[in-house]
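The sequence shown begins at 1 in the UniProt record's numbering and counts up by one.
Notes for the one structure printed next.
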Amino acid sequence: YHQLCIKEEDIPITSFRTRYGHFKFQMMSFGPTNVPAVFMGLMNRVCKPDLDKFVIVFIDDILVYSKDEEEHRKHLKIILELLKKERLYAIFSKCDFWMNSTQLLGHVINHNGVHVDPAKIKTIRNWAAPTTPTEMRQFLRLAGYYQRFIEGFSLISKPLTKLTQKDKKYEREKEEEEDFQTLK
């Protein structure tokens, strides 16, 4: 974030006072509401030609993936040159290169593809049976994040989703319990 200049007219709204004086940010910082969206927009524009071909960007995480080492070397060079051209620099100590597997956004990514992080599977399997609509919503949101890995997710979750409706009494029957266990 600290590599992006703040528009001149916006600098005054970043001001803050401490016992050491009055300060204003001239570069973007962590904290302001729209900074992640602005940075993500920039990264998507910079990497657009290669997005989902061999690179995934999520805010300040850049994941370069390839089938083999030779291809990976080419992909890394392309991305590093793109970043250099745009004057965006990575902190080398925060970079990991030549990894066989990595975790990103609750997924494990390796040469076999994208998988659910085993820690998340454990969380779902250990989830206590929901006793309120709010608890059921929480469970469905977590399970829904991984729906691409669950065949028939919408059919299984439909009866559970009905339990979250505001005007209905929360009563889990045998069918809903079976569906809950199936999703787990």
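Don't be surprised by glycine CBs; every beta carbon is placed ideally from N, CA and C.
Selected residue, minimal CA-CA separation from residue i, among the options
{"i": "Met28", "options": "Lys85, Lys7 and Ala119", "result": "Lys7"}
{"i": "Thr182", "options": "Lys162, Leu155 and Lys168", "result": "Leu155"}
{"i": "Leu83", "options": "Asn44, Tyr146, Gln26 and Asn112", "result": "Asn44"}
{"i": "Thr131", "options": "Phe180, Ile11, Val116 and Phe149", "result": "Phe180"}
{"i": "Lys94", "options": "Asp60, Asp52 and Asn112", "result": "Asp60"}
Counterpart residues of residue i in DSSP-defined beta bridges
{"i": "Met27", "result": "Cys5"}
{"i": "His115", "result": "Val108"}
{"i": "Leu51", "result": "Val55"}
{"i": "Thr102", "result": "Ile109"}
Alpha carbon of residue i to alpha carbon of residue j, nearest angstrom
{"i": "Trp127", "j": "Ser66", "result": "35 Å"}
{"i": "Val55", "j": "Leu163", "result": "40 Å"}
{"i": "Leu88", "j": "Gln165", "result": "47 Å"}
{"i": "Phe97", "j": "Glu69", "result": "11 Å"}
{"i": "Val38", "j": "Glu177", "result": "43 Å"}
{"i": "Lys168", "j": "Ser157", "result": "17 Å"}
{"i": "Gly21", "j": "Ile11", "result": "16 Å"}
{"i": "His107", "j": "Lys120", "result": "9 Å"}
Three-state secondary structure assigned by DSSP to residue i
{"i": "Leu163", "result": "coil"}
{"i": "Gly21", "result": "strand"}
{"i": "Ile91", "result": "coil"}
{"i": "Asp61", "result": "strand"}
{"i": "Phe16", "result": "strand"}
{"i": "Asn34", "result": "coil"}
{"i": "Phe153", "result": "helix"}
{"i": "Asp10", "result": "helix"}
{"i": "Phe39", "result": "helix"}
{"i": "Lys168", "result": "coil"}
Range of the contiguous alpha helix (DSSP H) that encloses residue i
{"i": "Met136", "result": "Pro133 to Tyr145"}
{"i": "Arg73", "result": "Glu69 to Lys85"}
{"i": "Lys174", "result": "Lys174 to Leu183"}
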